[in-house]
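Participant: Residue numbers (numbering that gives the first Met the number 0), protein chains in the order written: chain A, 0 to 322; chain B, 0 to 137.
Built from N, CA and C at the ideal position, the CB exists for glycine as well.
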Amino acid sequence: MLEKNLKLLSLAVFLLIVLFSAAQVFATAEPSAAETPVTGSSMPWWAWPLILFVVTFLLGIVAVLGGVGGGVLFVPIIGGFFPFHIDFVRGAGLLVALAGALAAGPGLLKKGMADLRLAIPVAVIASACAIVGAMIGLALPAKVVNIALGGTILGIVGIMLMAKKSEYPDVRQADTLSTALRITGVYHEASSGQNINWKIHRTPQGLATFIIIGIMAGMFGLGAGWANVPVLNLMMGAPLKVSVATSKFLLSITDTSAAWIYVNNGAVLPMMVVPSIIGIMLGSIVGVQILAKTKPAAVRYIVIAMLLFAGSRALMKGLGIWN
Amino acid sequence: MDKKVLATEEQLAYANILDSGMKVGLLTLIVTFIIYLTGILTPHVPVNDLPNYWKMPVHKYLTATGIHPGWAWLGMLGKGDFLNFIGIAFLAGVTIICYVRIIPILLRKKDTIYAVLAVVEVLVLALAASGLLKAGGH
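1) Using the Cβ count rule (16 or more neighbours within 10 Å means buried), how would you classify A28 (chain A)?
2) Ordered along the chain, which non-local residues of its own chain (more than five positions away) have a Cβ less than 7 Å from that of L115 (chain A)?
3) Nearest chain A C-beta to K133 (chain B) closer than 8 Å, yes or no?
4) Who are the near neighbours of V121 (chain B) in its chain, counting only those whose CB is closer than 8 Å to its CB and skipping five residues on each side?
5) Would DSSP call W197 (chain A) helix, strand or coil?
6) Buried or exposed: W45 (chain A), going by 16 or more other Cβ atoms within 10 Å of its Cβ?
7) Relative to chain B, which residues along the region 275 to 303 of chain A have a C-beta separation below 9 Å, given in chain order?
8) Within its chain, find whatever has a CB closer than 8 Å to the CB of G104 (chain A); leave out the 5 residues flanking it on each side and keep chain order.
9) Consult DSSP for H67 (chain B) and reduce its assignment to one of helix, strand or coil.
10) Using 8 Å as the threshold, is the region 72 to 81 of chain B in touch with the region 22 to 30 of chain B, meaning 3 or more CB pairs across them?
11) Between which residues of its own chain and A244 (chain A) is the CB-CB distance below 7 Å, once the five residues before and five after are set aside?
12) Measuring alpha carbon to alpha carbon, tell me which residue in A:G236, A:L306 and A:V273 is nearest A88 (chain B).
13) Please tell me whether N108 (chain B) has its Cβ less than 8 Å away from any Cβ of chain A.
14) For a quick check, are the C-beta atoms of G65 (chain A) and V298 (chain A) less than 8 Å apart?
15) In terms of alpha-carbon separation, which member of B:T64, B:Y13 and B:Y52 lies closest to A117 (chain B)?
16) Would you kindly work out how many angstroms separate the C-alpha atoms of L290 (chain A) and L281 (chain A), rounded to a whole number?
17) So which of B:V93, B:A127 and B:L11 has the shortest CA-CA distance to W70 (chain B)?
18) Tell me, please, whether the CB atom of G74 (chain B) is closer than 8 Å to any CB atom in chain A?
19) Strictly below 8 Å CB to CB, what residues from chain B border S335 (chain A)?
20) Any C-beta of chain A sitting closer than 8 Å to the C-beta of I87 (chain B)?
21) With a threshold of 8 Å, are at least 3 pairs of Cβ atoms found where one atom belongs to the region 307 to 319 of chain A and the other to the region 140 to 152 of chain A?
22) Under 7 Å Cβ to Cβ from I130 (chain A), same chain only, skipping five residues before and after it: list those, please.
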């Protein structure tokens with residue numbers, strides 16, 4: 000299976016290189032519709048999209064093995080080490096996270112792992128706030144965004160290092176709101192062969208937290224699995240698997256609203272978005288295959304180290320220490 | 000309990016549309032990107048000039064390239080770069096279709112609160128997609 004996927008992947012990479020080469024041929028003859036500023040780069044135009052494809056492919060593998068979403072790695076790493084402006088990086092980051100969530104969503108919903116009843120009230124709040132976040136993010140100067148992004152990424156590192164997880168949180172009594180909304184469910188735990196009944200508590204506090212999560216998701220284009228899962232699992236008491244699956248599905252709604260703001264404000268460049276989406280999706284496929292054979296615990300620490308480095312880079316870029 | 004009954008009717012309906020929509024959107028994105036890269040349709044912004052623009056803040060990029068934000072891309076689908084927005088818009092729009100699909104199911108089941116929440120979500124996403132919300136330049 001892995002061998003078959005690697006062959007498909009080699010073919011995809013080869014086709015992409017051929018396409019970029021073909022594009023180079025037509026690019027030399029095409030007329031210019033826009034006012035062209037003088038370029039200072041010695042690299043051909045296609046080099047960065049091609050590097051972007053390779054890097055996002057690797058990020059896709061690492062994200063799966065490290066148990067994080069692609070968006071949280073994409074924005075700080077591409078924003079920190081590529082020549083693209085942070086506005087376009089965030090637009091692409093949202094679409095990368097969105098595509099991943101859309102791809103995973105149907106399977107998670109059909110298996111009953113992601114729960115629509117839990118997601119719908121949360122999504123209304125998170126998606127409305129993501130719009131606000133996206134508008135704030137696009138209105139702020141790049142250095143302010145980089146400082147806030149760097150701080151957020153370092154905060155995520157802290158969450159990843161410290162946050163505990165609870166497979167089956169102890170929810171003795173569902174709260175009034177979740178009872179009124181009938182947010183409860185049953186999922187099939189394949190490892191034990193049992194059907195697990197679950198309910199949640201602290202629903203008002205959880206929903207209020209999604210105001211902040213939504214704003215941050217829209218502002219930084221990060222996706223928000225890093226925040227969704229602890230809130231759904233530790234605060235609201237949903238089982239870990241339901242929290243992870245519902246969080247992934249939730250991103251397809253939250254990121255949709257924020258993505259539209261970036262699209263409608265011109266912050267989406269197809270030459271960045273498409274190689275990134277294809278790269279990270281192919282990487283995820285290979286990552287899942289590798290994960291099926293091995294479970295490298297060290298990868299999580301590599302992800303944390305990458306985020307620490309990229310977060311520090313964003314912070315220093317924003318502060319003008321490392322441009 | 001049979002594990003097949005764990006997902007509700009509306010959840011399965013949502014999942015089926017999401018599945019089809021995601022596949023159509025992704026395929027469209029790949030096909031239009033191939034058209035863009037091969038130059039079958041001339042792009043509005045020449046690919047050779049892209050490195051000059053992608054380092055600019057978005058409002059400067061829009062001014063320099065003469066691109067109008069919002070849904071103006073619909074009038075530029077003859078350009079290779081703007082053709083890609085069909086797939087992007089499809090991926091960003093499929094969730095709205097999923098919600099619209101489950102509203103009648105929720106109403107039929109007399110799940111009024113969730114039907115209202117689904118309508119509100121459609122309105123939120125439609126507002127985001129409308130292009131009415133403009134972010135200030137920096």
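Facilitator: Here's the rundown:
1) By one-based count along the first sequence, residue 28 (chain A) stands at place 29. With a pLDDT of only 49 at A28 (chain A), under 50, the local geometry of the prediction cannot be trusted, and the value read off the model is given with reservation. A28 (chain A) comes out exposed.
2) As a first step, residue 115 (chain A) must be located in the first sequence, where it is residue number 116. Its chain contains L108 as the residues whose beta carbon lies nearer than 7 Å to that of L115 (chain A), once the 5 sequence neighbours on both sides are disregarded; these appear in chain order.
3) Translated into positions along the second sequence, residue 133 (chain B) becomes position 134. Taking Cβ atoms only, chain A reaches closer than 8 Å to K133 (chain B), which makes this a yes.
4) Position 122 of the second sequence, counted from the start, is the residue given in the question as residue 121 (chain B). Only I95, Y98, V99 and I102 meet the Cβ criterion.
5) Translated into the one-based positions of the first sequence, residue 197 (chain A) becomes position 198. DSSP places W197 (chain A) in strand when its eight states are reduced to three.
6) To locate residue 45 (chain A), count along the first sequence from 1; it is residue 46. The residue is buried, with at least 16 neighbouring Cβ atoms inside 10 Å.
7) Residues I276, I277 and M280.
8) Position 105 of the first sequence holds residue 104 (chain A). Excluding its 5 nearest sequence neighbours in each direction, G104 (chain A) has C-beta neighbours in its own chain below 8 Å: A113, K247, F248 and S251, listed in chain order.
9) Residue 67 (chain B) sits at position 68 when you count from the first residue of the second sequence. When DSSP states are grouped into helix, strand and coil, H67 (chain B) belongs to the coil group.
10) Between the region 72 to 81 of chain B and the region 22 to 30 of chain B there are fewer than three C-beta pairs closer than 8 Å, too few to call the two in contact.
11) Here residue 244 (chain A) corresponds to residue number 245 of the first sequence, with the count starting at 1. Excluding its 5 nearest sequence neighbours in each direction, A244 (chain A) has C-beta neighbours in its own chain below 7 Å: L107, M112 and A113, listed in chain order.
12) As a working note, residue 88 (chain B) is residue 89 in the second sequence. Closest by alpha carbon: A:V273.
13) Reading the second sequence from its first residue, position 109 is the one you call residue 108 (chain B). Note that residue 108 (chain B) corresponds to Lys in the displayed sequence, not to Asn. Taking 8 Å as the threshold, the shortest C-beta distance from K108 (chain B) to chain A does not fall below it.
14) As a first step, residue 65 (chain A) must be located in the first sequence, where it is residue number 66. As a first step, residue 298 (chain A) must be located in the first sequence, where it is residue number 299. Yes, the pair counts as a contact, with Cβ atoms nearer than the cut-off.
15) Within the second sequence, the letter at position 118 stands for residue 117 (chain B). Checked all of B:T64, B:Y13 and B:Y52; the closest Cα to A117 (chain B) is B:Y13.
16) By one-based count along the first sequence, residue 290 (chain A) stands at place 291. By one-based count along the first sequence, residue 281 (chain A) stands at place 282. Looking at the two C-alpha atoms, the distance is approximately 14 Å.
17) By 1-based counting over the second sequence, the position of residue 70 (chain B) is 71. Of the candidates B:V93, B:A127 and B:L11, the one whose C-alpha sits nearest the C-alpha of W70 (chain B) is B:A127.
18) If you number the second sequence from 1, residue 74 (chain B) lands on position 75. So, not an interface residue.
19) One cannot answer for residue 335 (chain A) here, as it falls past the ends of chain A, which runs 0 to 322.
20) Residue mapping note: residue 87 (chain B) aligns to position 88 of the second sequence, counting from 1. Yes, I87 (chain B) lies at the interface with chain A (some Cβ there is under 8 Å from its Cβ).
21) Between the region 307 to 319 of chain A and the region 140 to 152 of chain A there are three or more C-beta pairs closer than 8 Å, enough to call the two in contact.
22) Reading the first sequence from its first residue, position 131 is the one you call residue 130 (chain A). Within the same chain, I130 (chain A) has close Cβ partners G217, S256, A257 and I260.
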